[in-house]
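Asker: Here this note's numbering = 1-based position in the sequence shown + 4. Glycine included, each C-beta is placed from N, C-alpha and C at the ideal position.
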Amino acid sequence: MTKGRNRAGGRIVVDGRPIEFAEGDSVAIAIIRAGEVPGRGGAICLAGDCGNCLAAVDGVAYVRTCQVPPQPGMVVERQLGSGKPPLPSVELGDLTRPPVGERIPVRRADVDLVIAGQAEAGNAAGEAARSTGRAVVFLDAQAGQEVVAIYPGPSVVVREPGRMTHLRADEVVVATGAAELQPVCEGSDLAGILTPKAAERLGAAGVDLGRVERVGRELIRFEGDDRGRVSAVVTRAPDGSEMTTECDTVVVDLGRAPRDVLARMSRDDAVRVVGSAADDHPLPPAPTAGVVCPCMGTTVDDLETAFAKGYSNLELLKRASWAGLGPCQGGACLPHVRAFIAARTGSVPDPF
């Protein structure tokens with residue numbers, strides 16, 4: 005439902021059904037406005053940090069729909085539940101040939117300095133470099149320039165609308181800021197859970213969120229209805245008792261964690277991290293129940309099973325449980341996996 009918002013826009017096709025969008029929407033916001041979930045259930049951040057809005061857009065799989073502006077006629081196929089978009093298949097006699105697909109143009113360029121992200125510290129670093137005569141390239145996912153990888157060299161791979169861009173840089177500055185922590189508890193895979201920034205953006209877009217309850221670290225669990233949506237949230241009262249509050253939407257403010265996915269990709273001396281992406285934020289409480297990794301469906305029970313088999317090292321635990329191996333590469337789950345290990349070993353593992 006929309007309140008007092010200019011409806012100029014158009015329609016996209018989501019799972020075969022037309023959905024209207026308003027001017028300024030992302031694909032994810034348009035879907036939420038229509039009363040649907042943009043991908044599967046779970047907390048929505050609308051910042052590209054989680055895997056809960058993934059969909060195939062115009063045939064391209066694993067697209068973060070919160071980062072994509074809708075276009076009239078755009079076809080969206082949501083990634084619902086635990087299903088994954090199928091890989092291309094070939095007939096047995098064609099195994100010597102690659103699958104036929106759309107040819108994507110690739111642009112290559114040599115540049116001086118790349119600023120990945122638009123955090124304040126990155127803008128400052130870029131402007132300081134410009135003042136000395138250096139050529140600076142700013143890349144921002146919100147502007148359709150999604151940095152998907154940084155390799156030694158350093159080399160930066162960017163996904164842009166209709167093409168890929170490979171930049172060889174003399175220096176790369178990662179200024180991706182901090183991400184809002186996702187909840188991990190019983191019911192955290194239900195629809196209707198938002199981070200504060202997501203709630204702010206939906207409110208600005210005029211989306212009616214119904215009865216909203218805001219909670220912090222006193223969160224215990226979420227309760228849901230038969231549609232897989234939140235119907236109540238259970239929190240810890242000051243006297244230690246459980247308190248249940250009925251609601252349609254829960255805004256969960258659990259703190260932040262460094263948005264360090266790109267920083268973890270390269271140890272090149274020419275790559276440096278600035279601002280809150282480099283800060284040492286406090287870990288969340290160790291999870292005791294629920295889905296830890298929404299991308300791969302890894303639960304706390306899965307972590308317990310792998311840890312009991314001796315996989316106490318962060319990288320080994322990730323691979324044994326599949327946590328952090330999905331599209332967001334640990335963006336949502338890594339703080340919780342680190343907290344899980346720290347609670348059992350007494351030592352906080354290095355995220356890198």
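What does the alpha-carbon distance come out to for the pair Val79 and Ile16?
Answerer: Looking at the two C-alpha atoms, the distance is approximately 6 Å.
Asker: For Val178, which of Arg221, Pro298, Lys201, Gln122 has the nearest alpha-carbon?
Answerer: Closest by alpha carbon: Gln122.
Asker: Helix, strand or coil: how does DSSP classify Asp114 here?
Answerer: Asp114 falls in the strand class under three-state DSSP.
Asker: Evaluate Met300 with the Cβ neighbour count: other Cβ atoms within 10 Å of its Cβ, from every protein chain shown; 16 or more gives buried, anything less gives exposed.
Answerer: The residue is buried, with at least 16 neighbouring Cβ atoms inside 10 Å.
Asker: Could you spell out the range, first to last residue, of the alpha helix (DSSP H) harbouring Glu227?
Answerer: Not the alpha helix (DSSP H): Glu227 falls in the beta strand (DSSP E), residues 223-228.
Asker: Note the first and the last residue of the continuous beta strand (DSSP E) segment covering Glu24.
Answerer: Counting along the chain, the beta strand (DSSP E) containing Glu24 begins and ends at 21-26.
Asker: Could you give the distance in angstroms between the alpha-carbon of Asp243 and the alpha-carbon of Val64?
Answerer: Rounded to whole angstroms, Asp243 to Val64 spans 51 Å at the Cα level.
Asker: If distances are taken between C-alpha atoms only, which option among Leu58, Glu81, Ala51, Asp53 comes closest to Ile23?
Answerer: For the residues Leu58, Glu81, Ala51, Asp53, the minimum Cα distance to Ile23 belongs to Glu81.
Asker: Pull the bridge partners of His285 from the DSSP assignment, please.
Answerer: Answer is none; His285 lacks a bridge partner.
Asker: Based on the DSSP output, what are the partners of Ile154 in its beta bridges?
Answerer: Ile154 pairs with Val160.
Asker: Take Pro331 and list the residues in its own chain whose beta-carbon comes closer than 7 Å to its own, dropping the five residues that flank it on each side.
Answerer: For Pro331, where only same-chain residues beyond five positions count, the Cβ hits under 7 Å are Gly55, Leu58, Tyr66, Cys299.
Asker: For Ser159 and Leu266, what's the separation of their Cα atoms in angstroms?
Answerer: Spanning the two alpha carbons is a distance of roughly 12 Å.
Asker: Give the DSSP bridge partners of Met247, in chain order.
Answerer: Paired residue(s): Thr239.
Asker: Report the residue ranges of all beta strand (DSSP E) runs contained in full by the stretch 280-325; include only those spanning at least 3 residues, in chain order.
Answerer: Counting whole runs of 3 or more residues, the stretch 280-325 contains the beta strand (DSSP E) stretches 295-297.
Asker: Going by Cα to Cα distance, which pick from Leu50, Leu223, Ser325, Val234 is closest to Arg215?
Answerer: Among Leu50, Leu223, Ser325, Val234, the Cα nearest to that of Arg215 belongs to Val234.
Asker: Using alpha carbons as the reference points, say which of Arg260, Pro109, Phe142, Val352 lies closest to Glu1.
Answerer: Only positions 5 to 356 of the chain appear in this structure, which leaves residue 1 out of reach.
Asker: Considering only the beta carbon of each residue, do Val152 and Arg163 sit closer than 7 Å?
Answerer: Taking 7 Å as the Cβ cut-off, Val152 and Arg163 qualify as a contacting pair.
Asker: Helix, strand or coil: which one does DSSP assign to Gly126?
Answerer: Looking at Gly126 - three-state DSSP - the assignment turns out to be helix.
Asker: What are the boundary residues of the beta strand (DSSP E) that Arg68 is part of?
Answerer: Note, Arg68: beta strand (DSSP E), 64-68.
Asker: State the Cα-Cα distance for the pair Ala241 and Gly228, rounded to the nearest angstrom.
Answerer: Roughly 20 Å separates the two Cα atoms.
Asker: Under 6 Å Cβ to Cβ from Asp116, same chain only, skipping five residues before and after it: list those, please.
Answerer: Arg138, Ala139, Asp174, listed in sequence order.
Asker: What residue from Pro165, Val341, Val161 has the CA that sits closest to Leu171's CA?
Answerer: Nearest C-alpha to Leu171: Val161.
Asker: Can you name the residues that DSSP bridges to Gly13?
Answerer: DSSP, once it has assigned bridges, lists Ala26 as partnering Gly13.
Asker: Excluding the 5 residues preceding and the 5 following Gly126 in the sequence, name in chain order all residues of the same chain whose CB lies nearer than 7 Å to its CB.
Answerer: So the list reads Ile119, Val177, Ala179, Val278, Gly279, once near-sequence residues are dropped.
Asker: Pull up the distance between the alpha-carbon of Val31 and that of Asp212, whole angstroms please.
Answerer: Distance between the alpha carbons of Val31 and Asp212: 17 Å.
Asker: Indicate whether Val255 and Arg218 have their beta-carbon atoms separated by less than 7 Å.
Answerer: A contact, by the Cβ cut-off of 7 Å.
Asker: Put Pro165 into one of helix, strand or coil per three-state DSSP.
Answerer: In the structure shown, Pro165 sits in coil (DSSP, three-state: anything other than H, G, I, E or B).
Asker: By Cβ distance below 6 Å, which residues in the same chain neighbour Ala357 in space, the five residues on each side in sequence not counted?
Answerer: Not covered by the structure: residue 357. The range shown for the chain is 5 to 356.
Asker: Using CA coordinates, which residue listed in Arg44, Leu185, Lys322, Val238 is at the minimum distance from Cys251?
Answerer: When only C-alpha atoms are compared, the closest one is Val238.
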